[in-house]
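Q: Quick one: structure below, then a few questions.
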Amino acid sequence: YCFLNNIIRQVIDFRARSYDFTVIDCHAGLEHLSRRTTKGVDVLIVVTEPTKNGMLTARRVIELSRELSIDIGTIMVVANKVSPGIKPLLDKTARENGLEVDVCIPFEEEIAHLSILGKPVVNLSTDSPLSAAVGRVYERIMAYSTTSIEAMISEPR
């Protein structure tokens, strides 16, 4: 693993220099952190489901990233598939685990419908609560970022 992880880290570090934004989507769990494939991130987005185990895992991800001295600018906790009425209990469980949920993405039946039909989620109606929640995630990322999309668009490369 060490040799392959070093290669992955070098490729990520090299390629990231060419872009204003680099998104690394990792599998659920802790392996990607313990393998140290990244030295640092501006925004660590910990996506979790609204369950006790989800909150415990989110807490462990954050603890492990600190134990490994990964340089993290900001940590954002995003709860996915949140059913109506569960937010107060979710917030309580998060607080009990030393977490604060930054954004709740609601469970959206339309996503399940699109998925079973094999259609992309970009076909989701733009006025859905899920679209609004994803917009809030984007806004938070941009608030933490030193580079805005608008600035990138206005500057020729």
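Mind the numbering: the sequence shown is residues 1 to 157 in this note's numbering, read in order. Note that CB positions come from ideal geometry on N, CA and C, so glycine has one too.
#1: Can you name the start and end residues of the alpha helix (DSSP H) that Gly54 belongs to?
#2: Three-state secondary structure (DSSP) at Val78?
#3: Would Lys39 and Arg15 be called neighbours here (beta carbons separated by less than 9 angstroms)?
#4: Buried or exposed, going by whether 16 or more other CB atoms sit within 10 Å of the CB of Arg157?
#5: DSSP state of Ile141, grouped into three classes?
#6: Val41 and Met76 look like a contact to me (Cβ under 8 angstroms); what is the Cβ gap, rounded to whole Å?
#7: With Gly73 and Tyr19 assumed to form a contact (beta carbons below 8 angstroms), what rounded beta-carbon distance in angstroms separates them?
#8: So for Val47, helix, strand or coil by DSSP?
#9: Going by DSSP in three states, Gly135 sits in which element: helix, strand or coil?
#10: Less than 7 angstroms between C-beta atoms, sequence neighbours within five positions excluded: which residues of the same chain meet that for Val101?
#11: So what's Ile24 in DSSP terms, helix, strand or just coil?
A: This is what the structure holds:
#1: Where Gly54 is concerned, the enclosing alpha helix (DSSP H) stretches over 52-67.
#2: The three-state secondary structure of Val78, taken from DSSP, is strand.
#3: Against a cut-off of 9 angstroms, the Cβ pair of Arg15 and Lys39 comes out as no contact.
#4: Here the model assigns Arg157 a pLDDT of 46, short of 50, so the residue's position is not dependable and the matter cannot be decided.
#5: In the structure shown, Ile141 sits in a helix (DSSP, three-state: H, G or I).
#6: Rounded, the Cβ-Cβ distance is 11 angstroms, inconsistent with contact.
#7: Not a contact, Cβ separation roughly 16 angstroms.
#8: It is a strand residue.
#9: Note: Gly135 maps to helix in three-state DSSP.
#10: Closer than 7 angstroms at the Cβ level, and outside the excluded window around Val101, lie Val77, Ala79, Leu90, Asp91, Ala94.
#11: Ile24: coil per DSSP, three-state reduction.
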